[in-house]
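When the letters of the sequence shown are read in order and numbered with UniProt numbering, they come out as residues 1 to 354.
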Amino acid sequence: MVDHKLDPYENDDMRSASAPSVDDIEPISGHSRAPPPSYKVGAESQEQPSSASAMNSWIRPSPNTTNNKHVPIEEEDLESDDVEAPLLGSTVGDVQVDPFRDLPPPPQYSPYRATYKQKGKGVVSRDDHINEDGEALYRFLLDHNSPPAMEIKVHGTHDVTKWRTETHHNSDGTTREEQHPYTEEVVDFDFKIDVSQYVSPVCSNMFVQPDTETGQSKSIRELCDSYVRDDGFFKELQMQKYIEWNYKELTQAILYAMRCQGYHYNVSITFPLHNYRVTVKSKSKWSQVAESKWVKALLIITCLWIFAVPAYLMLRKRYGHKDLKSEWNMTISEEEWYRRHVHEILGQVKYRQV
1 MVDHKLDPYE
11 NDDMRSASAP
21 SVDDIEPISG
31 HSRAPPPSYK
41 VGAESQEQPS
51 SASAMNSWIR
61 PSPNTTNNKH
71 VPIEEEDLES
81 DDVEAPLLGS
91 TVGDVQVDPF
101 RDLPPPPQYS
111 PYRATYKQKG
121 KGVVSRDDHI
131 NEDGEALYRF
141 LLDHNSPPAM
151 EIKVHGTHDV
161 TKWRTETHHN
171 SDGTTREEQH
181 PYTEEVVDFD
191 FKIDVSQYVS
201 PVCSNMFVQP
211 DTETGQSKSI
221 RELCDSYVRD
231 DGFFKELQMQ
241 KYIEWNYKEL
251 TQAILYAMRC
261 QGYHYNVSIT
271 FPLHNYRVTV
281 KSKSKWSQVA
291 ESKWVKALLI
301 ITCLWIFAVP
311 AYLMLRKRYG
321 HKDLKSEWNM
331 TISEEEWYRR
341 HVHEILGQVK
351 YRQV
């Protein structure tokens, strides 16, 4: 069997993976390429890419329903200017006697540090103490509410038609060859641009979204208390981090710039996040066994997953997966980022004439 390729672009010179400068891009059909369009012109275009996504879409509550920020409440000052004499102790003559002078000093206070694992998607913990103490769980969420990381991923492809030669044997012993077409996707470019340095180092808001039916919402501490009171083997609490940015407008501007520079094929523009969630899981052995890869493989081989999966879904209890949010802002506008990086994007696009 012999394959004959019919690709109108197979003789094109392939560019290297590194981004070329704008001056190195050869013009199409002998004409000079115009400078990229402005951000506003591209953002107002109606064309959408083949795929564009921003993670963790959610309804932002009104100021009246957002009742707990991420800033911890300061302790009240218990000192008073009206105190004239100590409550404890005694005096001998005019000398104050300290009743604790012969005792060792108390140990210094140190906050509890829960054990956890750092993974690509975020922090995961099964610590015993934060599964039993609502205040410790709340402090754990605050301590690990660090800025998420984000990239802009641009992926471009085009389809080519190829022909496959198949040999068939006739009943009289002779052979015949037949040509059959098939379509193959060719990747033109696939690159990422890290924008994590533009994420604000300070969280702008941390809250529990209101219930969509009743409109009521819990405080973060109340949600933590509900979690620790649950005795279920498969309980889980999760906080999602979200970066506030106009993804749709920026996507349209990038796509429009690529179209103006001569690329008219399939384009996917996505905004993947890293370190975007904090997860606390039950300390029970059953929960750990249920997530074991070996157990999952055994259930698939023995077909016991037919009974195990429905039972697990019935016993599983989730807290905060869709409601507990951590909001972050960008320190740069979409238009300013586009102005700084549009040439970098266009330099990595391999142009193909229609």
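Virtual Cβ for every residue (Gly too), placed ideally from N, Cα, C.
Fair warning: this is a prediction, and the values are worked out from it, not measured in the lab.
Backbone secondary structure at residue i - three-state DSSP
i, result
"residue 343", "helix"
"residue 273", "strand"
"residue 245", "coil"
"residue 251", "helix"
"residue 233", "coil"
"residue 131", "helix"
"residue 228", "helix"
"residue 48", "coil"
"residue 113", "coil"
"residue 261", "coil"
N-terminal and C-terminal residue of the beta strand (DSSP E) that residue i is part of
i, result
"residue 181", "175 to 194"
"residue 103", "Here residue 103 belongs to no beta strand (DSSP E), and DSSP marks it neither H nor E."
"residue 327", "324 to 329"
"residue 208", "205 to 208"
"residue 124", "122 to 125"
Cβ-based burial, residue i [other Cβ within 10 Å; buried from 16]
i, result
"residue 297", "exposed"
"residue 163", "exposed"
"residue 144", "buried"
"residue 36", "buried"
"residue 276", "buried"
"residue 117", "exposed"
"residue 141", "buried"
"residue 228", "buried"
"residue 217", "buried"
"residue 122", "buried"
"residue 320", "buried"
"residue 307", "exposed"
"residue 279", "buried"
"residue 355", "Nothing in the structure corresponds to residue 355, since the chain is present only between 1 and 354."
"residue 172", "exposed"
"residue 69", "Unreliable positioning characterises residue 69 in this predicted model, as indicated by a pLDDT of 43, which lies under 50. A coordinate reading is not provided."
"residue 219", "exposed"
Beta-carbon proximity check, residue i vs residue j, cutoff 7 Å
i, j, result
"residue 194", "residue 151", "yes"
"residue 185", "residue 157", "yes"
"residue 42", "residue 256", "yes"
"residue 138", "residue 224", "yes"
"residue 234", "residue 292", "no"
"residue 215", "residue 317", "no"
"residue 199", "residue 337", "no"
"residue 268", "residue 49", "yes"
"residue 197", "residue 323", "no"
Residue i, enclosing alpha helix (DSSP H) - first and last residue
i, result
"residue 149", "First-last for residue 149: 149 to 169, but that is the beta strand (DSSP E), not the alpha helix (DSSP H)."
"residue 312", "305 to 315"
"residue 40", "39 to 43"
"residue 287", "285 to 290"
"residue 293", "293 to 302"
Chain D within 7 Å of residue i, Cβ atoms only
i, result
"residue 229", "Although the question refers to chain D, the structure presented lacks it and comprises just one protein chain."
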